[in-house]
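The opening residue of the sequence shown carries number 4 in our numbering; numbering runs sequentially from there.
This report concerns only the one structure given below.
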Amino acid sequence: MGSIDKYNLISLAPSLVIIGAMLVMTVVGIKLLKGAIAKDAAKAGE
4 MGSIDKYNLI SLAPSLVIIG AMLVMTVVGI KLLKGAIAKD AAKAGE
């Protein structure tokens, strides 16, 4: 792979932003899902 210059960065930046957003949404989604599972488990245990 060649060196990253300004023109490569312009085309690469949106891809990196999308990848970063996907990772953040995945982490947030897992945390929300764990919270929902914990709430359901608490309700089931009552």
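Just so it is clear, CB atoms sit at the ideal spot from N, CA and C, and this is done for glycine as well.
Nothing here was measured: the structure is a model prediction, and the numbers come from that model.
Asked, Found
"Unbroken alpha helix (DSSP H) run spanning Asp8, endpoints", "Taken as a continuous stretch (DSSP letters only), Asp8 belongs to no alpha helix (DSSP H), as it is neither H nor E."
"Length of the line joining the Cα atoms of Ser14 and Ile22", "14 Å"
"Separation of Gly48 from Lys42, as counted between CA atoms", "10 Å"
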